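Here's the structure we're looking at; comments come further down.
Listed below in structure tokens is the structure:
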């Protein structure tokens with residue numbers, strides 16, 4: 001059985017981690033981006049579908065393109081982040097299942113079923129986006145996930161050559177500026193949102 005993580009690790013991943021909208025100006029290296037993926041890809045998805053497709057907008061030009069499709073309140077968040085990841089999903093993920101899930105006939109389960117593929121791609125790419133956030137935090141970075149943007153415009157701009165890719169959410173990544181955080185929003189106790197039966 002694996003050991004329980006230390007309080008310091010749990011604090012970094014959950015208890016003291018915050019959603020950051022502002023960053024302190026330090027860069028995020030290509031090596032750090034690769035390291036985030038190497039951790040995030042290990043998180044479980046149904047049948048090892050791994051439908052997430054990530055575009056890491058690091059250059060000013062790429063961030064400006066993405067900012068053009070962001071809601072007004074998110075434009076500067078995208079522009080000023082060291083990196084802003086577009087977490088997308090491939091609704092034709094099943095084409096990769098013979099390699100990713102070799103001990104089952106997963107591809108046949110999704111052939112000719114676009115609605116089932118979209119549901120599964122959305123669910124599992126959302127999971128992978130969560131893993132990406134935890135991976136970044138584990139590596140000492142901070143994140144600011146956002147859903148305020150025009151999905152259709154992002155898809156047309158960034159995925160014209162890959163029409164089966166559909167944007168899910170975007171996430172700014174960097175070293176957060178703690179001086180610009182507001183008070184943490186409430187997190188209810190177990191009894192408020194849970195039933196143990």
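Residue numbers (the UniProt record's numbering): 1 to 197.
Even for Gly, the Cβ is constructed at its ideal location relative to N, Cα and C.
Predicted model, so just to flag it, every value in this text is computed and none were measured.
Bounds of the beta strand (DSSP E) holding residue 87 are 83-90.
In its chain, beyond the 5 residues on either side, 131 have a beta carbon closer than 6 Å to the beta carbon of residue 43. Burial is judged here by how many other beta carbons sit within 10 angstroms of a residue's own beta carbon; residue 124 has at least 16 and is buried.
In this structure, DSSP gives residue 176 an extended state, which the three-state scheme calls strand.
For residue 54, the enclosing beta strand (DSSP E) has its first and last residue at 52-57. The three-state reading of DSSP puts residue 114 in helix, counting H, G and I together.
One thing to note: residue 67 has its Cβ within 7 Å of the Cβ of residue 79. With a cut-off of 8 Å on Cβ pairs, the segment 68-88 is in contact with the segment 50-58, counting three or more such pairs. When the Cα atoms are used, residue 17 and residue 141 turn out to be separated by approximately 10 Å. Assignment of residue 101 by DSSP, reduced to helix, strand and coil, places it in the coil class.
Counting along the chain, residue 7 sits inside no beta strand (DSSP E); it lies in the alpha helix (DSSP H) bounded by residues 7-10. Residue 138 and residue 5 do not touch by the CB rule: their CB atoms are close to 10 Å apart, not below 8 Å. Runs of alpha helix (DSSP H) with 4 or more residues, each lying fully within the segment 17-77, are found at 30-40 and 60-67, listed in chain order. When C-beta atoms of the segment 160-167 are compared with those of the segment 90-106, three or more pairs fall below 8 Å, so the two segments count as touching.
About 16 Å separates the beta carbons of residue 22 and residue 148, which is beyond the 8 Å limit, so they are not a contact pair.
Under the three-state reduction of DSSP, residue 124 is assigned to helix. Residue 168 carries a strand assignment under DSSP once its states are collapsed to helix, strand and coil. DSSP places residue 140 in the coil class of the three-state scheme, outside both helix and strand.
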